Amino acid sequence: MKKSLLTALLVACSMYSQAQAETLKFGTEATFAPFEFTDNKSEVIGYDADIIRAIGEVEGFEVQIVNQPFDALIPGVLTKQLDGAIAAITITEERAKQVAFSDPYYKAGINAVIRREDGLKYLTLESLKDKRLCAQIGTTGANVAKHFSKNVGEYNTVPDAFMELKTKGCEAVFNDRPVNLYFLITKKDDSFVEVPELYNGEEYGIVVSKKNPELVKRLNSGLKKIRDNGTFAKIHKKWFNTEE
Ligand code: ARG
410 MKKSLLTALL
420 VACSMYSQAQ
430 AETLKFGTEA
440 TFAPFEFTDN
450 KSEVIGYDAD
460 IIRAIGEVEG
470 FEVQIVNQPF
480 DALIPGVLTK
490 QLDGAIAAIT
500 ITEERAKQVA
510 FSDPYYKAGI
520 NAVIRREDGL
530 KYLTLESLKD
540 KRLCAQIGTT
550 GANVAKHFSK
560 NVGEYNTVPD
570 AFMELKTKGC
580 EAVFNDRPVN
590 LYFLITKKDD
600 SFVEVPELYN
610 GEEYGIVVSK
620 KNPELVKRLN
630 SGLKKIRDNG
640 TFAKIHKKWF
650 NTEE
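The numbering of the sequence shown is the working numbering, which starts it at 410 and goes up by one.
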């Protein structure tokens with residue numbers, strides 16, 4: 410074969426493979442460290458970003474992460490603006506009526522954070538009954554808060570809810586324990602403490618449209634591959650500094 414023809418073929422091939430590179434769009438709400446937050450260049454980083462990129466790598470797709478309000482994620486998937494959502498989203502029966510979930514990839518649970526000066530006043534979740542409580546809008550934390558009180562303030566982000574707690578706009582923030590813990594440790598703000606009780610266990614899954622069972626399969630296959638090749642354990646260690 411003539412050299413020029415070969416070159417032309419190679420160029421055509423590489424153009425073909427570039428055209429094949431598939432990009433999937435995943436929504437998140439990036440004020441939820443260590444699962445999703447932004448670095449100083451406004452890039453989304455965190456546990457979830459690493460997990461979905463690692464899955465993309467073994468399943469052959471590029472990942473684009475879009476930062477949106479939490480309560481816009483499921484609607485975004487339903488209206489096909491997003492291929493999926495990865496945002497520390499708890500698998501619940503109610504959500505599973507609307508959307509499909511990948512296999513679970515993280516075990517969490519809800520607890521409450523209070524002002525340190527109230528540490529002896531609120532020793533149990535029950536002691537927060539009927540108090541003014543705070544949570545992020547549309548979250549399982551907000552649902553749990555509503556279980557204890559009719560007086561719940563719902564904020565766009567968890568940091569907003571913490572601000573409200575600090576300024577005494579509410580008595581407690583109900584939210585995912587790993588995020589509360591990370592907040593208490595990294596903010597080095599000793600004005601808050603946890604109520605020493607976990608409400609319940611929850612598991613996170615990646616949200617996909619029910620109309621896209623193929624993608625659910627790929628995500629599950631990717632999760633399995635990254636568990637088997639050790640990437641999953643590495644990501645866990647990177648963000649939590651413990652074994653899973
Ligand atoms: N796990 C909780 C839920 O699914 C809270 C998730 C909030 N995630 C976020 N990225 N802000 O309702």
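Beta carbons are placed, not taken as given, at the ideal position from N, Cα and C, and that holds for glycine.
The model shown is predicted, which means the values in this text are computed figures rather than measured ones.
Check your understanding: Quick one, which of Gly631, Ser451, Asp457 has its alpha-carbon nearest Ile644's?
Key -> Translated into the one-based positions of the sequence shown, residue 644 becomes position 235. Nearest C-alpha to Ile644: Asp457.
Review point. What is the C-beta distance between Tyr515 and Glu612, in whole angstroms, given that I count them as a contact (C-beta under 8 Å)?
Key: Mapped onto the sequence shown, residue 515 falls at position 106. Mapped onto the sequence shown, residue 612 falls at position 203. Confirmed, about 7 Å.
Check your understanding: With C-beta atoms as the reference, is Ile460 less than 8 Å away from Phe435?
Key -> For the purposes of this step, residue 460 is taken as residue 51 along the sequence shown, with counting starting at 1. For the purposes of this step, residue 435 is taken as residue 26 along the sequence shown, with counting starting at 1. Contact flag unset, no.
Check your understanding: Any chance the CB of Asp585 is under 7 Å from a heavy atom of ligand 1?
Key -> Reading the sequence shown from its first residue, position 176 is the one you call residue 585. Indeed, a heavy atom of ligand 1 lies less than 7 Å from the Cβ.
Review point. Is there at least one Cβ from chain B nearer than 8 Å to Val616's Cβ?
Key: No chain B is present in this structure, which holds just one protein chain.
Check your understanding: Among residues of its own chain, excluding the 5 on either side of Ala554, which ones have a beta-carbon nearer than 7 Å to its beta-carbon?
Key -> As a first step, residue 554 is located in the sequence shown; it is residue number 145 there, counting from the start. Correct list, in chain order: Leu542, Ala544, Val561, Phe583.
**Study point:** CB of Leu574 within 8 Å of CB of Arg524, strictly
**Key:** Position 165 of the sequence shown, counted from the first residue, corresponds to residue 574. Position 115 of the sequence shown, counted from the first residue, corresponds to residue 524. Result yes, Cβ atoms of Leu574 and Arg524 sit closer than 8 Å.
**Study point:** Minimum C-alpha distance to Lys619 - residue among Gly528, Cys579, Arg504
**Key:** Working through the sequence shown from its first residue, we reach residue 619 at position 210. Measuring from the Cα of Lys619, the nearest candidate turns out to be Arg504.
Review point. So what does DSSP say about Tyr564, is it helix, strand or coil?
Key: Translated into positions along the sequence shown, residue 564 becomes position 155. DSSP places Tyr564 in strand when its eight states are reduced to three.
Review point. Buried or exposed: which applies to Glu445, given that a residue is buried once 16 or more other Cβ atoms fall within 10 Å of its Cβ?
Key: Here residue 445 refers to the residue found at position 36 of the sequence shown. Burial call: buried.
Practice item. Please specify which runs of the beta strand (DSSP E), each continuous and at least 3 residues long, are wholly inside the region 509-533, giving them in chain order. Key: 515-524
Check your understanding: If you count every other CB in all the chains shown that lies within 10 Å of the CB of Asn650, and 16 or more means buried, which is it?
Key -> Residue 650 sits at position 241 when you count from the first residue of the sequence shown. It is exposed - the Cβ of Asn650 has fewer than 16 other Cβ atoms within 10 Å.
Practice item. Can you give me the start and stop residues for the alpha helix (DSSP H) that Tyr608 sits inside? Key: Position 199 of the sequence shown, counting from 1, holds the residue named residue 608. Element bounds for Tyr608: n/a, residue is neither H nor E.
Review point. Less than 7 Å between the CB of Gly550 and some heavy atom of ligand 1, yes or no?
Key: Here residue 550 is taken as the residue at index 141 of the sequence shown, counted from 1. Yes.
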